Structure formats: C-alpha cells, structure tokens
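The structure appears below as structure tokens.
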C-alpha cells in the first residue's frame, strides 16, 4: 500500500508538469482567427443540421455563435483575443447537455478541423485547450 | 450524381456519427486485454469497455491469439460497459500445450521411462468487474489527475485436476492436472487491481500520448493458467503493470507494455516479467485490430516463450 501511494504521488508530480499549458506559437501556426472562424463556420453548419444537436441551438444566431467560439478558442490557445461571451456554466444552464451530445459536438469540430486542413497534431493541441470546458458544459441545468 | 454520391460516402466514412456504437471518441476505450478486461493487450486500463457515455450501455466482443510455438493461447470473451461507470466481462482462455512439452514433463517425472505423450489443453474462465472511481482520462487536460478504476477478476482454472493420459490411453497420475504437477495448490483465485490511466492530447509533438499503471494483488501462477498459490506461499502478492502508447494518427496507436509476475512456483514454471510491443488500428468505432510481439519470459520447457499476438475487438 505504501508503494502504491508513493508511486501515485510520483506519477501525479510527473504529470503535473504537462498539464494545461498554452501552446506557444499554435495560434500563428494554424493561421490565426481566420482559420478558427472557418473551422467553426463549418462545425456550426454541421451541428445545426444534426438532428440531435440542432434543437439545442434554436434561436441562437449562427454568426454570433461562430464569433464567440472563434474568440474563445483564440484566447484559449494563446492568441491575441479576449473572450467577450458568457461563461460556459452560464450559457449551458437552460437545458441539460448530455455527455453523449457533448462527444457528438466534439466529433463535428474534429471533422471540421480535418476538412479545413489542420494537421492531426494541430487538432490535438487545440482539443487539449478546449477539453477542460467539458465539465462546465454538461449537466449545467438546475 | 456519382460525384455527389462519392462525397456523401466519404462523409459517412469520416463521420462516426452514423454508427450504432457509443458516443465517446474513437480509440478512447482502448482494446480488450487477454483477460477480457478493457485495456491494453496484457493489462487492464481505467477505461470502461465500449464507447458508451454516461447515459449509455455498450459492449464489446473480442478474440485474442498468442502463438508461442509449442504453446498457443486462444481467448474469447465479451464485456458490457454500463454508463461509463461499471464494466462486466467474461472470458474463456484456452492454452494449447503441444505434445513435445507434455512429453518433456513425463520424461522428467519418470526419469526417462516415458518420453512421448499427447498434447493437452488448459482452460480458464475469468469473470471481471471494474468500477470507475474518479477522473476523466481524456478530457481532464488541465488537471494532473488520471482516471482511476478498481477491479476484480475471478479466475477458475478448468483443468487443475484434468489428468494427462499417455499415448496408450493409460493415466499414470489420476486427477492431477498440469497446474498441480507444477506445484499449484488451488484451482481458483481472485485478483484485485487499481488502474490509473491518462491521455495527453497533443502530448508528444502534437501526438496524443496515453499512459497507464495498474497495481494488482494476485495469487495466480502465470495468470492462473498454471493455477493459484503453492504449498509454500498462499498469500496475495502485489504486482505492477503498465502501458505507454503514442497515437500518431486518429486511427493508430503504438506502444509498449509490461507486467510483473510473482514466481511462486519457481523451477519449470518460473515466471518472469511479461513485456510487449504493440500496434493497434482503429479504422472506426466498430472494430479494432491489434498486433503485438509478446515476450512471456518463460513457460515450462520453453525458456524463450515469445511470439505474435493478434487481437480483434468489435464494439456493439
């Protein structure tokens, strides 16, 4: 048991170094907000046409969502943007988003990144910045 | 028209959305280990079997084969993941032992009086239970904590007292199977383990990296295929297992694994640390295929027990 605890502490310490750092140069490398806007334009079209996800976004103008997602992602990957939208908890309070729906949305964004031509390496680094939002998106309704 | 059809087809093949498997992301469930538990090839991971999300129940079916020359291990089983929280699995293992090995055993036991005997099979059933305790291996990217699960594997060796016949059909040692001949004293045992798994998205030059560590309390000899416990040692021992994998594309994982063993029986049945080098292919969320080179270290009369391991998992 003592060994187990020591190893767990060791592993956690090792891992702590890798966690959640903004990626230097990623924003410029992918072509900045122009590319992000293309990615989210395509993602949003796919999401709004998705029979499961579409109804969640009724009444949300596509252009507004696209602008917010672009801004937020730009800020999260170390770009020169300030996110001016609502916090994730606040913006997902109206209706419970399930984990299955969240994964579905992530897959649309992944597909859009691939179709726009981002490399797998760039896709992974962007997802790493977005992934922690999950806990503030799913099951937020009170 | 054809162009449009092709476009739609290529979209369908890109998009996992059309599939009937669970919702979570491709490759995140790992494969199925030879003990039936979701994980790597030779060790459990903290992930729950299948691609089910918190709201879903999904399952897997899997086949594995390890070809070691005079030994061949064939395994088959199924697992169900409930709400990405609980995993139940059943597995049948069949270790085929060629005539040459059994002949060597008799040769040794009879001081050379008997030197040929037919081959035999050692079968084992495993029922597994795994419960996720905390963490999200894939999405907790801003936290150093892994996903942690605890599990148990109840193993029952079906050939503990299956006696070995000689070529003429006579049975010199009735009700004594291979595990007993080698010194095991029990035909069943339960392993308990804790697994910690974590994926770093973009962790190595943009490629995803997965690491897993498992600590296991066990009384098994060579995974239970050679029985449980011995006259000298009937207690639990702590063993360590690990996997490190790199995912250089959305559909590929390459990695290494290791697993320590107790070596309770010693002698012919000496156990060494098991290692493997694997490549797994996940073309979509329906199925995956894994090839590995596994080095078991030692099996009775095979001091270089290593060979090709193939594993296929189907997701339902």
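Protein chains in written order, with this note's numbering: chain A, 2 to 143; chain C, 17 to 332. All C-beta atoms, glycine included, are put in the ideal place defined by N, C-alpha and C. Treat the numbers as computed from the prediction; the structure is a model and nothing was measured.
By DSSP, does residue i sit in helix, in strand, or in coil?
i             : result
residue 63/A  : helix
residue 42/C  : coil
residue 133/A : helix
residue 115/C : helix
residue 91/A  : helix
residue 19/A  : Only weak support is given to the placement of residue 19/A: the predicted model assigns it a pLDDT of 45, under 50, and the question is left unresolved by the model.
residue 398/C : The first residue shown for chain C is 17 and the last is 332, placing residue 398/C beyond what the model contains.
residue 168/C : strand
residue 336/C : This structure cannot speak to residue 336/C, because chain C is shown only from 17 to 332.
residue 122/C : helix
residue 68/A  : helix
residue 180/C : coil
residue 275/C : strand
residue 77/A  : helix
residue 131/C : coil
residue 108/C : strand
residue 157/C : coil
residue 173/C : strand
residue 243/C : coil
Show which residues of chain A have a CB atom less than 8 Å away from the CB atom of residue i.
i             : result
residue 72/C  : 101
residue 155/C : 132, 133, 135, 136
Taking Cβ positions only, does residue i come closer than 8 Å to chain C?
i             : result
residue 21/A  : Note that residue 21/A has pLDDT 47, beneath the 50 cutoff, so the model's placement of it is unreliable and no number is given.
residue 28/A  : no
residue 58/A  : no
residue 125/A : yes
residue 142/A : no
residue 12/A  : In this prediction, residue 12/A scores a pLDDT of 49, lower than 50, which makes its location untrustworthy; the coordinate-derived value is nonetheless stated afterwards. Interface residue, yes.
residue 187/A : Residue 187/A is absent from the structure shown; chain A starts at 2 and stops at 143.
residue 119/A : no
residue 113/A : no
residue 37/A  : no
residue 128/A : yes
Just to confirm the assignment, what range does the alpha helix (DSSP H) spanning residue i have?
i             : result
residue 28/A  : 27 to 30
residue 232/C : Run containing residue 232/C: none in the alpha helix (DSSP H); it sits in the beta strand (DSSP E), 223 to 234.
residue 88/C  : Premise fails: residue 88/C lies in the beta strand (DSSP E), 87 to 98, not in any alpha helix (DSSP H).
Run down chain A in chain order and give the residues with a C-beta less than 7 Å from the C-beta of residue i.
i             : result
residue 131/C : Near residue 131/C there are no residues of chain A at all, since even the closest Cβ is about 46 Å away, more than 7 Å.
residue 303/C : Residues of chain A passing the Cβ test: none, with the nearest at roughly 18 Å.
residue 224/C : 125
With a threshold of 8 Å between beta carbons, is residue i in contact with chain A?
i             : result
residue 207/C : no
residue 221/C : yes
residue 265/C : yes
residue 217/C : yes
residue 158/C : yes
residue 23/C  : Low confidence applies here, because residue 23/C scores a pLDDT of 39, under 50, leaving its location unreliable; read the following figure in that light. No, residue 23/C does not count as interfacial toward chain A.
At 8 Å on the CB atoms, spell out the chain C contacts of residue i, in chain order.
i             : result
residue 104/A : 39, 40, 41, 69
Which two residues bound the contiguous beta strand (DSSP E) that contains residue i?
i             : result
residue 111/A : No beta strand (DSSP E) holds residue 111/A; the alpha helix (DSSP H) holding it covers 100 to 117.
residue 202/C : 200 to 202
residue 34/A  : Note, residue 34/A: premise wrong, no beta strand (DSSP E); alpha helix (DSSP H) at 33 to 50.
residue 149/C : 136 to 150
residue 197/C : Not the beta strand (DSSP E): residue 197/C falls in the alpha helix (DSSP H), residues 194 to 197.
residue 327/C : 322 to 331
What are the partner residues of residue i, as DSSP defines its beta bridges?
i             : result
residue 85/A  : Paired residue(s): none; residue 85/A is not in a bridge.
residue 252/C : The partner list for residue 252/C (beta bridge, DSSP) is empty, contrary to what the question assumes.
residue 318/C : 315/C
residue 291/C : 274/C, 311/C
Residues of chain C with CB closer than 9 Å to the CB of residue i, please, in chain order.
i            : result
residue 83/A : Those do not exist, as residue 83/A stays about 19 Å from chain C at its closest Cβ, beyond 9 Å.
Mind listing the chain C neighbours of residue i? Cutoff is C-beta to C-beta under 7 Å, in chain order.
i             : result
residue 122/A : 218, 221, 222, 223
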